[in-house]
Amino acid sequence: MTVGDEVLRRLRMQYRIQAEEYVSLYTHLQSRDPFRVLVATILSQNTTDKAALNALKTLERDVGLSPPAILGAGRRRVEKAIRMAGMYRSKSQCLLEASRIIVERYGGDMWNLLKGDAEEVRERLMELPGVGGKTADVLLTTMGIIHTVPVDTHVRRISTRLGLVDEGASYEMVRKRLEDVFSANSRHLAHLLLIAHGRRVCRARRPLCGDCVLNDLCKYYKEIRKN
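In the numbering used here, the protein residues as written are 391 to 617.
Written out as structure tokens, the structure reads:
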């Protein structure tokens, strides 16, 4: 059994994935609409998934969740609808500009953007405002278009503490390393379980190392026990 298999086995015994706790996953399961997943993922940046989901629902009610609807609403209405997600000015600008690009280049249909080679699709996604590597990977992995491990703060922290990656490794270095650790068909689940573990146990401050099901595998835990 590989390290990745063992990590997954233990975390699966510890946590049940609740879609409502992951706004991108919840949105995908509810709609199967890549634009809605894009909006949800942008809204989730630098805030909680709960706040992002509330903002998404308000945006859907007051504006609509399509590129033409967002463009037609204008900046102020979009800002008002997503205010609870934080950073609402920059996020509204990203949503408006991304909507414009999707309308102008892809006929308003985001599925047209997602056609073709997966890596080329990833690069096209990252041309949209507000879409970096993590946001692109969350959308594409959630939609089942690519198989990778999106690297958020929880995933990075746990990977570093386990000793899988070096402190300060780039996003792409961490992503590629985790692709080696976890098999293709388990990477999305690994992403979700690592987030759950980071939220509840392997916290940034005061991690609950004594309660951690991975502590015997953990470089960080071994070091603090020595000290």
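By construction, the Cβ of each residue, glycine as well, lies at the ideal position given by its N, Cα and C atoms. These numbers come from a predicted model, not from an experiment.
Whole-Å CB distance - residue i paired with residue j, under 8 Å assumed
i	j	result
residue 413	residue 442	4 Å
residue 603	residue 404	5 Å
Pairwise C-alpha distance: residue j and residue i
i	j	result
residue 398	residue 583	8 Å
residue 482	residue 606	45 Å
residue 333	residue 464	With the chain covering only 391 through 617, there is no way to say anything about residue 333.
residue 471	residue 526	23 Å
residue 577	residue 484	28 Å
residue 573	residue 541	16 Å
residue 489	residue 609	44 Å
residue 462	residue 522	25 Å
residue 567	residue 556	10 Å
residue 502	residue 571	32 Å
residue 510	residue 616	47 Å
residue 512	residue 506	10 Å
residue 474	residue 558	31 Å
residue 518	residue 524	13 Å
residue 430	residue 553	31 Å
Proximity below 8 Å, CB of residue i to CB of residue j
i	j	result
residue 614	residue 587	no
residue 468	residue 455	no
residue 401	residue 409	no
residue 476	residue 448	no
residue 516	residue 425	no
Contacting residues, own chain, Cβ-Cβ under 6 Å from residue i (five flanking each side not counted)
i	result
residue 599	605 and 611
Host alpha helix (DSSP H) of residue i (start-end)
i	result
residue 499	It is not in any alpha helix (DSSP H) - residue 499 carries neither H nor E in the DSSP assignment.
Any non-hydrogen atom of the ligand ADP closer than 7 Å to residue i Cβ
i	result
residue 531	This structure lacks the ligand ADP; in fact it carries no ligand of any kind.
Same chain only: Cβ atoms within 8 Å of residue i, ignoring 5 sequence neighbours per side
i	result
residue 479	469
Same chain, Cβ closer than 7 Å to residue i, neighbours up to 5 away in sequence not counted
i	result
residue 427	414, 417, 418, 529, 532 and 533
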